[in-house]
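Chemist: Which chain is which? The protein sequence lines are A, B, C and D, in order.
Per the working numbering, residue 1 is the first one in the first sequence, and the count goes up by one each step.
Per the working numbering, residue 176 is the first one in the second sequence, and the count goes up by one each step.
Per the working numbering, residue 351 is the first one in the third sequence, and the count goes up by one each step.
Per the working numbering, residue 526 is the first one in the fourth sequence, and the count goes up by one each step.
I have a structure here, written as structure tokens, and I will follow up with some questions on it.
Number of protein chains: 4
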Amino acid sequence: MRAGRPRDEGVRRAILVAAQELVLERGYAAVTMGDVAKRAGAGKQTLYRWWPGKGALVLDAFSEWVSQAPRLRGPRRPSLSSTLVELCRGASEAAPVLRALMAEAQFDEDLHRRLIAQLVRPRGDELRACLVDRRPADRELVVNVLSGLVWQRLMLNEPLDARFVRFALRVVERI
Amino acid sequence: MRAGRPRDEGVRRAILVAAQELVLERGYAAVTMGDVAKRAGAGKQTLYRWWPGKGALVLDAFSEWVSQAPRLRGPRRPSLSSTLVELCRGASEAAPVLRALMAEAQFDEDLHRRLIAQLVRPRGDELRACLVDRRPADRELVVNVLSGLVWQRLMLNEPLDARFVRFALRVVERI
Amino acid sequence: MRAGRPRDEGVRRAILVAAQELVLERGYAAVTMGDVAKRAGAGKQTLYRWWPGKGALVLDAFSEWVSQAPRLRGPRRPSLSSTLVELCRGASEAAPVLRALMAEAQFDEDLHRRLIAQLVRPRGDELRACLVDRRPADRELVVNVLSGLVWQRLMLNEPLDARFVRFALRVVERI
Amino acid sequence: MRAGRPRDEGVRRAILVAAQELVLERGYAAVTMGDVAKRAGAGKQTLYRWWPGKGALVLDAFSEWVSQAPRLRGPRRPSLSSTLVELCRGASEAAPVLRALMAEAQFDEDLHRRLIAQLVRPRGDELRACLVDRRPADRELVVNVLSGLVWQRLMLNEPLDARFVRFALRVVERI
DNA sequence: CAGTAATCGAGACGGTACGTCAGGTCTTTGA
DNA sequence: TCAAAGACCTGACGTACCGTCTCGATTACTG
């Protein structure tokens with residue numbers, strides 16, 4: 001093992017919790033690294049030791065939050081519609097954070113990569129998994145269209161509600 | 176006429192030109208209001224008198240730029256494919272600015288409204304105009320899908336090239 | 351007479367009144383040329399046409415105010431003590447303005463000259479007039495000492511009250 | 526010891542030196558906090574962390590300068606005349622700064638207190654120390670008169686030369 | 001009585017400094 | 001070596017006021 005004092009896992013969790021709370025309270029833009037440090041009872045340096053910036057930190061904070069959410073993990077393959085409903089529910093709740101992260105990622109190459117790896121790709125994979133009985137080319141097509149509709153909806157700040165889900169499913173069944 | 180010294184049109188144009196040049200040279204994030212003022216030979220206050228911030232200013236600068244671009248204005252209704260090609264060409268050239276503006280708009284309600292009114296809606300309308308022979312419900316569906324695909328492509332920093340256009344058209348003809 | 355529209359005397363008075371009121375309401379430092387113009391219903395240019403800056407304007411505004419004050423103008427030569435009392439009363443009332451003007455004059459050569467000509471010298475002359483029966487050398491000495499004591503008192507923001515007058519008179523009778 | 530990085534004494538000195546140099550080169554009014562920061566290789570925030578504004582900073586810069594000057598510190602009590610000569614020499618050299626500080630203090634209550642505590646009172650005490658063989662009441666009287674004469678001379682921008690010293694001493698011996 | 005010249009209110013303009021804020025790094029003490 | 005605390009440099013922010021300018025409108029005198 002590496003020499004020196006080991007990383008304090010409690011501190012890491014405190015930081016993520018603080019980041020999450022503050023972002024939910026004030027919104028992403030109104031939270032600073034210093035705020036998070038203070039709330040977590042940590043030093044700013046400790047934040048920067050483990051995360052390159054606010055974006056990556058908040059991304060981690062909400063990755064955990066999302067993965068804690070009860071996802072449908074039955075033995076049977078989930079249907080597209082139930083998956084889409086679940087996905088929209090999550091995206092709707094976390095909409096302000098998702099918007100902010102995607103926005104910040106436009107100015108930060110590294111965050112952009114992380115965001116795609118931790119959020120965009122996994123959601124795409126979930127959808128893809130519901131389409132195993134489609135032709136591979138069609139599969140990509142549908143995944144692209146659905147993901148495009150959802151992200152556009154987020155960035156334009158329009159609701160990801162049941163009406164939208166019906167709309168999206170109507171599109172898919174036409175393809 | 177209104178009392179007082181009238182707004183100097185030359186200054187307005189100089190500011191927009193300066194903003195455009197600087198954004199193209201250095202990229203949106205690396206340009207400050209002070210830079211634009213200096214390049215335009217204007218005072219910062221003059222910028223803030225007419226625009227609420229960098230986002231709105233750059234949006235105006237590129238709105239004019241876009242509207243100067245030779246758009247297809249034939250007497251006949253343009254085809255969907257040619258419109259999409261043209262739209263992707265424009266979006267591809269201005270991609271860095273579009274990404275930045277959409278990103279900034281996530282943090283700025285006012286800019287969000289302006290962006291939709293000056294960029295998002297007009298492009299949607301162009302597409303819609305090519306679809307007059309579709310059923311109204313289908314029309315909205317197609318416009319949404321295409322616009323979603325394009326914006327997603329922009330935010331994920333993937334190329335809006337000929338291959339993408341073919342892909343998008345394939346989607347549309349299935350609907 | 352010179353061609354062109356003649357100076358509007360009403361405007362001049364309105365500006366002086368506005369300056370005076372504003373300075374009394376908010377204090378010298380918190381008043382701007384723009385404020386005075388607005389209150390007077392005048393344009394800023396009109397202010398700058400007739401005064402070089404805030405200092406000179408306020409000086410004029412309070413010169414008139416001071417000269418309106420009922421000064422002892424009897425047929426007989428006024429006594430030193432009554433003159434000093436009167437002078438301290440005036441200085442005490444206008445203390446904030448006097449402090450500000452003298453302060454501003456330290457940064458403005460022109461205002462410095464005006465201040466001496468319109469305020470410092472006249473007050474010295476009033477004192478001098480009470481000392482005609484002293485030897486000329488003594489006279490200057492006393493005037494200098496008294497004026498020094500008063501200005502020091504102003505700049506140090508100490509009260510110019512009856513106690514001070516007694517103190518000053520005690521000094522003088524020793525000389 | 527207190528936690529956190531301790532104040533960097535070198536930075537503090539660099540700032541004071543920079544302030545002093547710039548004020549001597551350009552004059553108080555032509556120096557900005559930003560100038561001082563740049564010259565000192567410091568951030569503006571660091572200046573504002575330790576001083577509330579330009580006035581307090583320059584006051585500190587010249588307080589140190591004055592205290593470095595070789596003051597008469599003989600075993601014997603210094604004479605009034607030699608003290609006054611020395612005081613006028615210092616005041617004469619630093620006249621522009623003293624005028625500016627006293628002026629600024631008229632607009633800034635906090636600076637006013639600092640100025641009196643760091644400059645006005647100490648000089649008065651030096652004079653008072655030369656007058657221990659006078660009656661207490663006379664002592665205050667003389668100190669007030671001398672200090673009044675000096676400050677008036679400064680504010681009216683008249684020379685504090687040998688002639689003035691003789692004049693002042695003549696006044697005192699009459700009292 | 002038209003023409004000239006200066007005034008006036010209004011407010012845009014270039015410029016300069018302000019004081020604040022956040023980002024990210026560095027330097028202590030202490031565990 | 002990690003951690004908390006907080007000083008530090010950097011650079012942009014948006015505001016305030018300065019003194020000048022450019023309008024249209026007004027008001028005298030001048031030819």
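Here a beta-carbon is modelled for each residue, glycine too, at the ideal position from N, C-alpha and C.
Under 8 Å, Cβ to Cβ, is there at least one residue of chain D near Leu491(C)?
Modeler: Numbered from 1 along the third sequence, position 141 holds the residue referred to as residue 491(C). Yes, its Cβ sits closer than 8 Å to a Cβ of chain D.
Chemist: Anything in the segment 463-497 of chain C with a Cβ closer than 8 Å to a Cβ of chain D? List those residues in chain order, please.
Modeler: So the close ones are Ile466, Val470, Leu491, Asn494, Val495 and Ser497.
Chemist: So what does DSSP say about Ser254(B), is it helix, strand or coil?
Modeler: Position 79 of the second sequence holds residue 254(B). Here Ser254(B) sits in coil by DSSP.
Chemist: Output needed for Asp285(B): all residues of its chain with C-beta closer than 8 Å, excluding positions within five of it in sequence on either side, in chain order.
Modeler: Residue mapping note: residue 285(B) aligns to position 110 of the second sequence, counting from 1. Excluding sequence neighbours, Asp285(B) sits near Pro227 and Ala231.
Chemist: For Val493(C), report the span of its alpha helix (DSSP H) as first-last.
Modeler: For the purposes of this step, residue 493(C) is taken as the residue at position 143 of the third sequence. Pro486 to Met505 is the span of the alpha helix (DSSP H), which, as asked, contains Val493(C).
Chemist: Which word fits Val307(B), buried or exposed, when buried means at least 16 other C-beta atoms lie within 10 angstroms of its C-beta?
Modeler: The residue given as residue 307(B) occupies position 132 in the second sequence. When all chains shown are included, Val307(B) counts as exposed.
Chemist: Applying the criterion that 16 or more other CB atoms from any shown protein chain within 10 Å of the CB defines a buried residue, is Glu239(B) buried or exposed?
Modeler: Here residue 239(B) corresponds to residue number 64 of the second sequence, with the count starting at 1. Glu239(B) should be labelled exposed.
Chemist: Can you give the beta carbon distance from Leu526(C) to Ala479(C), rounded, assuming they're within the 8 Å contact cut?
Modeler: No answer is possible for residue 526(C): it lies beyond the span of chain C, which begins at 351 and ends at 525.
Chemist: In the segment 544-558 of chain D, which residues sit with their C-beta less than 7 Å from some C-beta in chain C, listed in chain order?
Modeler: Correct list: Ala554.
Chemist: Just how far apart, CA to CA, sit Pro78(A) and Ala37(A)?
Modeler: As a position in the first sequence, residue 78(A) is number 78, starting the count at 1. As a position in the first sequence, residue 37(A) is number 37, starting the count at 1. If I take the Cα positions, the gap works out to 41 Å.
Chemist: With 16 other CB atoms within 10 Å as the buried threshold, where does Arg538(D) fall?
Modeler: Within the fourth sequence, the letter at position 13 stands for residue 538(D). Exposed, by the Cβ-count rule.
Chemist: Return helix, strand or coil for Pro509(C), following the three-state DSSP convention.
Modeler: Here residue 509(C) refers to the residue found at position 159 when the third sequence is read from its first residue. Three-state result, Pro509(C): coil.
Chemist: Pull up the distance between the alpha-carbon of Phe514(C) and that of Arg648(D), whole angstroms please.
Modeler: As a first step, residue 514(C) is located in the third sequence; it is residue number 164 there, counting from the start. As a first step, residue 648(D) is located in the fourth sequence; it is residue number 123 there, counting from the start. Cα-Cα distance, rounded: 21 Å.
Chemist: Tell me whether Ala392(C) sits in a helix, a strand or coil according to DSSP, three-state version.
Modeler: On the third sequence, residue 392(C) is found 42 positions in, with the first residue counted as 1. The answer is coil: DSSP assigns Ala392(C) none of H, G, I, E or B.
Chemist: Within the chosen definition, does the segment 321-330 of chain B reach the segment 354-361 of chain C through at least 3 CB pairs nearer than 8 Å?
Modeler: The segment 321-330 of chain B vs the segment 354-361 of chain C: no contact.
Chemist: Ends of the alpha helix (DSSP H) at Gln20(A)?
Modeler: Taking the first residue of the first sequence as 1, we reach residue 20(A) at position 20. That run of the alpha helix (DSSP H) goes Glu9 to Arg26.
Chemist: Suppose the cutoff is 8 Å on Cβ atoms and the five residues either side in sequence are ignored; what does the same chain contact list for Thr189(A) look like?
Modeler: The shown model of chain A, from 1 to 175, leaves out residue 189(A), and the question about it has no answer.
Chemist: Let me see if you follow: with CB-CB separation under 8 Å, is Val521(C) close to chain D or not?
Modeler: To locate residue 521(C), count along the third sequence from 1; it is residue 171. Yes, contact with chain D.
Chemist: Pick helix, strand or coil for Phe164(A), following the three-state DSSP scheme.
Modeler: For the purposes of this step, residue 164(A) is taken as residue 164 along the first sequence, with counting starting at 1. If DSSP states are grouped into helix, strand and coil, Phe164(A) belongs with the helices.
Chemist: Mind listing the chain A neighbours of Ala270(B)? Cutoff is C-beta to C-beta under 7 Å, in chain order.
Modeler: For this step, residue 270(B) is matched to residue 95 along the second sequence. Under the 7 Å cutoff, chain A gives no residues; its nearest Cβ is about 10 Å from Ala270(B).
Chemist: Return the Cβ separation of Ala379(C) and Phe632(D) in integer angstroms, given the expectation that the two are a contact with Cβ distance under 8 Å.
Modeler: For the purposes of this step, residue 379(C) is taken as the residue at position 29 of the third sequence. For the purposes of this step, residue 632(D) is taken as the residue at position 107 of the fourth sequence. Confirmed, about 5 Å.
Chemist: Among the residues of its own chain, which have a CB less than 7 Å from the CB of Ala18(A), if the five just before and after it don't count?
Modeler: As a position in the first sequence, residue 18(A) is number 18, starting the count at 1. Hits under 7 Å: Val36, Arg39 and Ala40.
Chemist: At which residues does the alpha helix (DSSP H) containing Arg121(A) begin and terminate?
Modeler: Within the first sequence, the letter at position 121 stands for residue 121(A). Arg121 to Ala129 is the span of the alpha helix (DSSP H), which, as asked, contains Arg121(A).
Chemist: Which residue's Cα is closest to the Cα of Val548(D): Gly568(D), Lys569(D), Ala586(D) and Trp575(D)?
Modeler: Counting from one through the fourth sequence, the residue named residue 548(D) turns up at place 23. Ranking Gly568(D), Lys569(D), Ala586(D) and Trp575(D) by Cα distance to Val548(D) puts Ala586(D) first.
Chemist: In three-state terms, what does DSSP make of Pro227(B)?
Modeler: Translated into positions along the second sequence, residue 227(B) becomes position 52. Three-state result, Pro227(B): coil.
Chemist: I'd like the list of long-range same chain contacts for Leu712(D), defined as Cβ closer than 8 Å, with 5 residues on each side in sequence excluded.
Modeler: An answer regarding residue 712(D) cannot be provided, because it is not within the stretch 526 to 700 covered by chain D.
Chemist: I want to verify the contact list: residues of chain B whose CB lies under 7 Å from the CB of Leu84(A), in sequence order.
Modeler: Mapped onto the first sequence, residue 84(A) falls at position 84. What Leu84(A) touches in chain B: nothing, since even the nearest Cβ is about 14 Å away.
Chemist: Taking all protein chains shown into account, decide if Ala687(D) is buried (16 or more other Cβ within 10 angstroms of its Cβ) or exposed.
Modeler: Taking the first residue of the fourth sequence as position 1, residue 687(D) is located at position 162. The residue is exposed, with fewer than 16 neighbouring Cβ atoms inside 10 Å.
Chemist: What are the start and end residues of the alpha helix (DSSP H) that includes Ala278(B)?
Modeler: Numbered from 1 along the second sequence, position 103 holds the residue referred to as residue 278(B). Residues Ala270 to Ala280.
Chemist: Would you identify the three-state DSSP class for Ile700(D), choosing helix, strand or coil?
Modeler: Taking the fourth sequence and counting its residues from 1, the one referred to as residue 700(D) is at position 175. It is coil, neither helix nor strand.
Chemist: Measuring alpha carbon to alpha carbon, tell me which residue in Val172(A), Trp151(A), Glu126(A) and Arg170(A) is nearest Val97(A).
Modeler: Position 97 of the first sequence, counted from the start, is the residue given in the question as residue 97(A). Answer by Cα proximity: Trp151(A).
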